[in-house]
Structures are given as structure tokens and as C-alpha cells.
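Right, one structure below, let's go through it.
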Amino acid sequence: PNNITRFLILGKGENKPTGKDKTSILFGTPHVPGALHQTLAPFARAGINLLRIESYPIRDRVWEYQFFADLDGHRDDRKVGPSLRKMERKASFLKILGSYPRGEEMR
1 PNNITRFLIL GKGENKPTGK DKTSILFGTP HVPGALHQTL APFARAGINL
51 LRIESYPIRD RVWEYQFFAD LDGHRDDRKV GPSLRKMERK ASFLKILGSY
101 PRGEEMR
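Here my numbering is used: the first residue of the sequence shown is 1, the next is one more, and so on.
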């Protein structure tokens with residue numbers, strides 16, 4: 001009863017903001033204390049909710065990780081776009097995977 005399967009549709013086109021969107025990103029941080037906190041701080045300051053964050057080891061780099069995150073809002077939103085640009089200055093890399101309409105919440 002608690003199993004949920006999610007499906008994604010991948011494409012090259014951009015989705016326009018709907019007002020009920022999420023943005024998925026992939027990023028890395030320098031391997032120093034506090035780097036993840038500093039990299040995510042622009043979202044906290046702007047009041048943007050992180051919906052999910054997962055870490056994955058970077059292949060061939062011992063103790064270094066990349067992160068996948070979903071955040072509330074569209075990359076073209078008034079708060080999200082500037083926060084992503086601020087984040088990019090702190091991250092070792094940032095790839096915006098896309099912004100798209102949120103699915104309905106499962107209860």
C-alpha cells in the first residue's frame with residue numbers, strides 16, 4: 001500500500017511556469033567543511049523548499065559526492081532563478097535538469 005512508482009517524460013523542450021512546479025538539479029560541492037550548507041543557503045534565504053536531496057559518490061573520486069535535488073518552484077520564478085545563480089557560485093558544478101509541473105500528492 002505504500003509503494004509509489006513515478007514516471008518521467010524526458011524531452012528537449014522547456015516547460016513554462018504553471019505556478020505549481022518543481023525543478024530538478026544535479027550539483028557538486030568542494031570537499032571542505034560546510035560546503036553543502038553554503039551551497040544550499042541561497043534557497044533557505046529565499047524561502048524555497050527543498051523537496052528531496054540525495055547524495056551519490058563521484059566515480060573515481062574517493063570521498064567526493066554529487067547531489068540530486070528537487071526544489072519547489074520553476075527556474076524562471078522570481079526567487080528560484082536568482083537562487084540558482086547564487087548557488088552556482090558556491091557549487092563545484094551545477095546542472096539544471098529541468099523545471100516541470102508537480103504531480104498530485106499521494107496521500
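Think of the CB as a built atom: it goes at the ideal place given N, C-alpha and C, for glycine as much as any other residue.
- Per DSSP, residue 86 is not a residue of any beta strand (DSSP E); the alpha helix (DSSP H) it occupies stretches across 80–90.
- Only residues of its own chain outside the window of five on either side were considered, and among them 27, 29, 87, 90, 91 have a CB closer than 8 Å to the CB of residue 39, listed in chain order.
- In this structure, DSSP gives residue 45 a helical state, which the three-state scheme calls helix.
- Membership of residue 7 in any beta strand (DSSP E) is not indicated, and neither H nor E is assigned to it by DSSP.
- By the Cβ neighbour-count rule, residue 62 is exposed, with fewer than 16 other Cβ atoms within 10 Å of its own.
- Going by beta carbons, residue 5 and residue 74 fall outside the 8 Å limit.
- Approximately 18 Å separates the beta-carbon atoms of residue 46 and residue 20; this is outside 8 Å, ruling out the contact.
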